[in-house]
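S.K.:
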Amino acid sequence: MTFKYFDRPEIFTGLRDGLTTCDTCGQEKLCFDAEAFLGGEDISSICPECLASGQLRERDIFTCHGDITELKRQLKNLNPSLTKLQIDDIANQKTIELEKTTPHLVTWQDWNWPCADGDYCKFIGYGSRALYSSLATKTTGEELFKNSFYYNLKDDSDIDYLWQDILPVKEVKDYNDSNELATLFYTFKSLNSDTIITIWDSN
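In numbering that gives the first Met the number 0, the protein residues as written are 0 to 202.
(1) Taking 7 Å as the cut-off, is the CB of T94 close to at least one heavy atom of the ligand MN?
(2) Could you pull the DSSP bridge partners for T1 from this structure?
(3) Which residue marks the beginning of the alpha helix (DSSP H) containing D88, and which one marks its end?
(4) Can you have a look at K83 and say buried or exposed, based on whether 16 or more other CB atoms are within 10 angstroms of its CB?
(5) Identify every residue that forms a DSSP beta bridge with Y185.
(6) So D193 and T106 are in contact, right, with Cβ under 8 Å, and what is the actual spacing, rounded?
(7) Measure the alpha-carbon distance for L50 versus S156 and round it to whole angstroms.
(8) Can you tell which of S43, R56, P47, I95 has its C-alpha closest to the C-alpha of I203?
(9) Using DSSP bridges, identify the partner residues of W112.
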């Protein structure tokens, strides 16, 4: 199951327990729960194939909200010769792709999907000391964690305390594991570099 902006959604967000009718293709399949999707339309279930192929593009339904303001800023810095209209067009295309073809990430709070290096990032798992240590190639897991906080969280987060007392030591293997925690660290990776981005929230 391959999605550009979401690694292994069958593990990290899960599918419905049994076969259900996909509200886009009408077939009985293992589907994502679509009841928490955003927008002006409501559907109950969508199969991975329909979601990945863009069946939501013409509907008023979104699975998330991208941080389009930050994306435009990054694109402008990376492409100073492009006009505002060109930047807006690129950002809008990437945002539609993210919001219409990405599985829904279940979170405690509402926040915008992060971006890095001129594109939205891929969600790769729930943060733990084990995960950050495995991702650290040029530094320690602790340093990687502390340097990975998204720009809008750095000033309001006690990052030393979060590492020492809150971040799980062991791997958070799947969505069921995440349900056992009152604070979650959502770990993202840039599509264009080894940059890791962390967003966290609590129930």
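Idealized CB from N, CA, C, for every residue including glycine.
M.R.: So, from the data block:
(1) In terms of ligand content, the structure shown is empty, and the ligand MN therefore cannot be addressed.
(2) T1 pairs with nothing; no bridge assigned.
(3) 83–100
(4) exposed
(5) Y125, I198
(6) Going by Cβ atoms, the distance from D193 to T106 rounds to 24 Å, so no, they are not a contact pair.
(7) 34 Å
(8) The requested residue 203 does not occur in the structure, where the chain is confined to residues 0 to 202.
(9) Beta-bridge pairing links W112 to G65.
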